[in-house]
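Below: one structure, written as structure tokens.
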Amino acid sequence: MENVDLSVGSGGKRMREFIKVVVSYLNNEILSELHDSAFLEMDGKIGFTTDSFVVDPIFFPGGDIGKLAVAGTFNDLVVSGIEPKYLSLSFIIEEGFPMDDMKRILNSIKKESIECGVKIVTGDTKVVRRGEAHRIYINTSGVGRLIRKPSLSLENGDAIILTGPIGEHSASVMVARGEYELEGEILTDCASMKFLLPLWRDGAIWMRDITRGGLATVLCELSKGAGVPILIDEELIPISESVRTLSEFLGIDPLYLACEGRALIVSKKEGSGAIISALKNSDQKQTCAIGEVGGPGRKGEAILRTRAGGFRLLEELTGELLPRIC
Amino acid sequence: MFDELRDRRVVTPLLSELQKIARDLSPVRIMEVCGTHTVTAFRSGLGNMLRGMGIELISGPGCPVCITPDEVVAGAVDLLIRQKDVILTSFGDMLRVPTSKGSLLSINPAPASSVRIIYSPEEVLAISRENPEKETVFLAVGFETTAPAIAYIVREAADKGIKNLSFITSLRLVPPPLRAILSSGEARLDGLLYPGHVSVIIGSEPYEFVPREFNVPGAVTGFEPADMLLGILSVLRQMKEGKPMVDIAYKRAVRPEGNKMAQELIREVFDVEDSLWRGFGVIPKSGLKLKEKFNALSTDARFNLKHEGWGVRGCGCGDVVKGKISPEDCPMFGKDCNPDSPKGPCMVSYEGSCLVHYKYRGIEWKM
Amino acid sequence: MCLGIPAKIIEIEQGSHGKVETGGIHRKINLSLIKDARVGDWVIVHAGFAITKMDEKEAMETLKLLKEMTGGV
Numbered sequence: 122m123e124n125v126d127l128s129v130g131s132g133g134k135r136m137r138e139f140i141k142v143v144v145s146y147l148n149n150e151i152l153s154e155l156h157d158s159a160f161l162e163m164d165g166k167i168g169f170t171t172d173s174f175v176v177d178p179i180f181f182p183g184g185d186i187g188k189l190a191v192a193g194t195f196n197d198l199v200v201s202g203i204e205p206k207y208l209s210l211s212f213i214i215e216e217g218f219p220m221d222d223m224k225r226i227l228n229s230i231k232k233e234s235i236e237c238g239v240k241i242v243t244g245d246t247k248v249v250r251r252g253e254a255h256r257i258y259i260n261t262s263g264v265g266r267l268i269r270k271p272s273l274s275l276e277n278g279d280a281i282i283l284t285g286p287i288g289e290h291s292a293s294v295m296v297a298r299g300e301y302e303l304e305g306e307i308l309t310d311c312a313s314m315k316f317l318l319p320l321w322r323d324g325a326i327w328m329r330d331i332t333r334g335g336l337a338t339v340l341c342e343l344s345k346g347a348g349v350p351i352l353i354d355e356e357l358i359p360i361s362e363s364v365r366t367l368s369e370f371l372g373i374d375p376l377y378l379a380c381e382g383r384a385l386i387v388s389k390k391e392g393s394g395a396i397i398s399a400l401k402n403s404d405q406k407q408t409c410a411i412g413e414v415g416g417p418g419r420k421g422e423a424i425l426r427t428r429a430g431g432f433r434l435l436e437e438l439t440g441e442l443l444p445r446i447c
Numbered sequence: 022m023f024d025e026l027r028d029r030r031v032v033t034p035l036l037s038e039l040q041k042i043a044r045d046l047s048p049v050r051i052m053e054v055c056g057t058h059t060v061t062a063f064r065s066g067l068g069n070m071l072r073g074m075g076i077e078l079i080s081g082p083g084c085p086v087c088i089t090p091d092e093v094v095a096g097a098v099d100l101l102i103r104q105k106d107v108i109l110t111s112f113g114d115m116l117r118v119p120t121s122k123g124s125l126l127s128i129n130p131a132p133a134s135s136v137r138i139i140y141s142p143e144e145v146l147a148i149s150r151e152n153p154e155k156e157t158v159f160l161a162v163g164f165e166t167t168a169p170a171i172a173y174i175v176r177e178a179a180d181k182g183i184k185n186l187s188f189i190t191s192l193r194l195v196p197p198p199l200r201a202i203l204s205s206g207e208a209r210l211d212g213l214l215y216p217g218h219v220s221v222i223i224g225s226e227p228y229e230f231v232p233r234e235f236n237v238p239g240a241v242t243g244f245e246p247a248d249m250l251l252g253i254l255s256v257l258r259q260m261k262e263g264k265p266m267v268d269i270a271y272k273r274a275v276r277p278e279g280n281k282m283a284q285e286l287i288r289e290v291f292d293v294e295d296s297l298w299r300g301f302g303v304i305p306k307s308g309l310k311l312k313e314k315f316n317a318l319s320t321d322a323r324f325n326l327k328h329e330g331w332g333v334r335g336c337g338c339g340d341v342v343k344g345k346i347s348p349e350d351c352p353m354f355g356k357d358c359n360p361d362s363p364k365g366p367c368m369v370s371y372e373g374s375c376l377v378h379y380k381y382r383g384i385e386w387k388m
Numbered sequence: 013m014c015l016g017i018p019a020k021i022i023e024i025e026q027g028s029h030g031k032v033e034t035g036g037i038h039r040k041i042n043l044s045l046i047k048d049a050r051v052g053d054w055v056i057v058h059a060g061f062a063i064t065k066m067d068e069k070e071a072m073e074t075l076k077l078l079k080e081m082t083g084g085v
């Protein structure tokens, strides 16, 4: 089979051939039973999430839509205090999609799920006519055991920690799309953040992965959700030179660029040192505290001390991030 | 290269210097003409720090999207709705300006017509080449910084005999509205920060009428926080010494005579005309239009555009761009008009005063 | 209205175009608005065009002035 055609989605022989290929990559004892539903067992409270992936282009420096589909849902669970165990995997594929690309994506899904330690136990495939979808869309849902529910009961002095430099996923995708004819070596930060799991037993109070909307949006959600003021120092926020330059070229604020492998963690001040060390040991070398609960803002306000030393109020992302020149 | 220019270890002592001089002069009202200056001042929190020492920065008319009148956008809307096989291109913000019919991005175009966001005017040459069966239209907005690039593209299109490309030009000049603002006295200004990159092209000479006729000090200013403070420092010193001039505080990029090559290119392609501005009405000799010999490349001439249109009722952008009111004074600001549901270009453009004031609200700051 | 980025010329093609680099980002730009562009020159880029060469001596002067005023960074 060179390309995915409509018959792959129709339920017949071609579909079974296709599923055989999928299973050959993702094989585990639950999936191989190929029931309509997967039979699972878990003790205690569970957590459940879902996410869909429509990234364009589907292959970008450092990753692809397959890796993203696993890491994204895995991370959603992890930052919610849940240890992920099982994922579902659904494809909506545009007619004519090359099997070689499909295998590349399946390989990424395989690698990432092994890396995360999750099993893909059920799935679905649909094929739509040419033009009705853009290449391939993926949905993953994930379920796992609750370790600890995040809390938004925060106090002045609580530390706000960031696991690494911001904006690399958005920047990498923008360059890969070649829309503004900017070239550069920017790799996505797309990664599953398994290193966050132990922190739930080591002092983490609240976490959020930084995706669409960027760091600024997460900071606003934190301060509004907890009903506290927070103060962040722009100088402490790690950002690579390339991402900074790209943002300037396009007139975009890097605080709103998406990541796919960075998290914001809140902990008590006393525990923050240990958390930062643990993360640095897990290869998150640029982890640092970027601010704390408190500061000159009112309840629900996220204030940024700018590089120049002034203060301004952070807002959630509004409208679309369009580059400007004028 | 210029990290120091944004660093608080440089900015804070600079502010102290300013405060020493401002003490005897405040309150001071300085207009920063360029939208990019507005963004810098707010993003860095500088505006607030300056207010704390009695220096008020007032946004001027230097946002090309903001001062482009509804009539121009209406012409583009008219084309997109009724003409098929058109690719309408422009810079991102321009495509989101709200009109009574919707924005260029939001309206339903005629069959096989579409809009495209571009970063550089050169892209329209490639777009027209790659789409021979369509008409590529470039809605070209800007001031003197952008005019040379547009001129270059127009000349290329003419030289190469490109038949499927045309231009809706909305290009204006910076010095004329400054004269209008100073003449009316409405903005009550003590000084001006001249736009650094417009001045790269036109030099500092075109602003000489300001100290000469109005006795107002000014400085050509760059765009990093420290650059803006150096510009303001120059203005304060001129005020203190009672010797207004046009100082260049952005010497690494601006020469008094400007970029002669770029000026010549503008003269080759454009004539100066009286131009309609949002808020100001018609300002004499304030706009650029295609010379007669390039008229074939004018979308207006080709398609006979109807420029009947109006914006959203109650929009205060006209007074904001003149510096007459600040965004907060507009009754719709932050209520009916906000970034998710903008009612005028000042809330759409990334450097529109209203959007900047909304997004980058500062807090009380004491030195 | 004036988004202009300083960048260094790393390549020149046919005299009218070139490639600039800054902070790890490259872009092809139009050099027709400036005279005698050379590899290694710093320029200010606006809308894909170099609108002027940057005067490095003046840039250093500005940094020196700031250093004197602020006691160095």
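Chains as they are written, first to last, in the numbering used here: chain A, 122 to 447; chain B, 22 to 388; chain C, 13 to 85.
Note that beta-carbon positions come from the ideal geometry of N, C-alpha and C, so glycine has one too.
>> Could you check whether the Cβ of Ser124/B sits closer than 8 angstroms to any Cβ belonging to chain A?
In response: no
> What does Pro130/B touch in chain A if you count any residue whose Cβ is under 8 angstroms from its own?
Replying inline: Residues of chain A passing the Cβ test: none, with the nearest at roughly 18 angstroms.
>> Can you tell me which residues form a DSSP beta bridge with Arg322/A?
In response: According to DSSP, which records beta bridges pairwise, Arg322/A is partnered with nothing at all.
> With C-beta atoms as the reference, is Thr246/A less than 8 angstroms away from Val129/A?
Replying inline: yes
> Does the segment 305-316 of chain A come within contact of the segment 170-188 of chain A, defined as at least 3 CB pairs closer than 8 angstroms?
Replying inline: yes
>> If I follow the unbroken beta strand (DSSP E) through Cys409/A, where does it start and stop?
In response: Cys409 to Val414
> When the Cα of Arg50/C is compared with those of Leu15/C, Ile22/C, Gly16/C and Cys14/C, which residue comes out closest?
Replying inline: Ile22/C
> Taking a cut of 7 angstroms between CB atoms, which residues from the segment 262-280 of chain B lie near chain C?
Replying inline: Lys272, Arg273, Ala274 and Asn280
> Should the segment 251-264 of chain B be called in touch with the segment 41-58 of chain B, which here means at least 3 C-beta pairs below 8 angstroms?
Replying inline: yes
> According to the neighbour-count rule (16 or more other Cβ atoms, all chains shown, within 10 Å of its Cβ), is Glu154/A buried or exposed?
Replying inline: exposed
> Within this structure, are the beta carbons of Gly265/A and Ile203/A separated by less than 8 angstroms?
Replying inline: yes
> Between the segment 30-43 of chain C and chain A, which residues of the former have a C-beta closer than 7 angstroms to a C-beta of the latter?
Replying inline: Thr34, Gly35, Gly36, Ile37, His38, Arg39 and Lys40
> Leu275/A lies in the alpha helix (DSSP H); which residues open and close that run?
Replying inline: Taken as a continuous stretch (DSSP letters only), Leu275/A belongs to no alpha helix (DSSP H), as it is neither H nor E.
> List, in order along the chain, the chain C residues whose C-beta lies closer than 9 angstroms to that of Met282/B?
Replying inline: Ser44, Leu45, Ile46 and Lys47
>> So that I know if they touch, is there some Cβ in chain C lying closer than 8 angstroms to that of Cys447/A?
In response: Caution applies to Cys447/A, whose pLDDT of 40 falls short of 50 and renders its modelled position unreliable; the model cannot decide the point.
> Along the segment 16-27 of chain C, what residues have a CB closer than 7 angstroms to any CB found in chain A?
Replying inline: Ile17
> Among Gly392/A, Pro219/A, Cys237/A and Arg428/A, which has the Cα closest to the Cα of Arg280/A?
Replying inline: According to the sequence as given, residue 280/A is Ala; it is not Arg. Checked all of Gly392/A, Pro219/A, Cys237/A and Arg428/A; the closest Cα to Ala280/A is Gly392/A.
>> DSSP three-state label for Ser135/B, please.
In response: strand
>> For a cutoff of 8 angstroms on Cβ pairs, would you count Tyr381/B as touching chain F?
In response: The structure shown has no chain F; the protein chains it does contain are A, B and C.
> Which of helix, strand or coil does DSSP assign to Lys327/B?
Replying inline: coil
>> For Pro360/B, would you say it is in contact with chain A, using Cβ-to-Cβ distances shorter than 8 angstroms as the test?
In response: yes
>> Using a 10 Å radius around the Cβ and a threshold of 16 neighbouring Cβ atoms, would you call Lys343/B buried or exposed?
In response: buried
> What is the DSSP secondary structure of Pro444/A, counted as helix, strand or coil?
Replying inline: Any reading at Pro444/A must be qualified, since the residue scores a pLDDT of 48, below 50, and its modelled position is unreliable; the value itself is stated next. Correct three-state label for Pro444/A: coil.
>> Tell me the rounded alpha-carbon separation between Arg200/B and Val303/B.
In response: 13 angstroms
> Using DSSP with H/G/I as helix, E/B as strand and the rest coil, what is Ser204/B?
Replying inline: helix
> With distances taken between CB atoms, is the gap from Ala161/B to Ser187/B smaller than 8 angstroms?
Replying inline: no
> In whole angstroms, what is the alpha-carbon distance linking Ile282/A and Phe432/A?
Replying inline: 20 angstroms
>> Rounding to the nearest angstrom, what Cα-Cα distance links Lys314/B and Lys184/B in this structure?
In response: 15 angstroms
> Taking the alpha helix (DSSP H) that Ile222/B falls in, what are its first and last residues?
Replying inline: Gly217 to Ile223
> Is there a Cβ from chain A that is less than 8 angstroms from the Cβ of Ala71/C?
Replying inline: no
> Does DSSP put Gly173/B in a helix, a strand or coil?
Replying inline: Sequence inspection shows Tyr at residue 173/B; the Gly mentioned does not correspond to that position. DSSP places Tyr173/B in helix when its eight states are reduced to three.
>> Between the alpha carbons of Gly285/A and Ala410/A, how many angstroms are there, rounded?
In response: 10 angstroms
> Val221/B and Gly279/B: beta carbons closer than 8 angstroms?
Replying inline: yes
> Given a limit of 7 angstroms on CB to CB distance, which residues of the segment 286-304 of chain A reach chain C?
Replying inline: Glu302, Leu303 and Glu304
> Would you say Phe244/B faces chain C, with C-beta separation under 8 angstroms as the test?
Replying inline: yes
> Residue range of the beta strand (DSSP E) that Ala379/A falls in?
Replying inline: It is not in any beta strand (DSSP E) - Ala379/A carries neither H nor E in the DSSP assignment.
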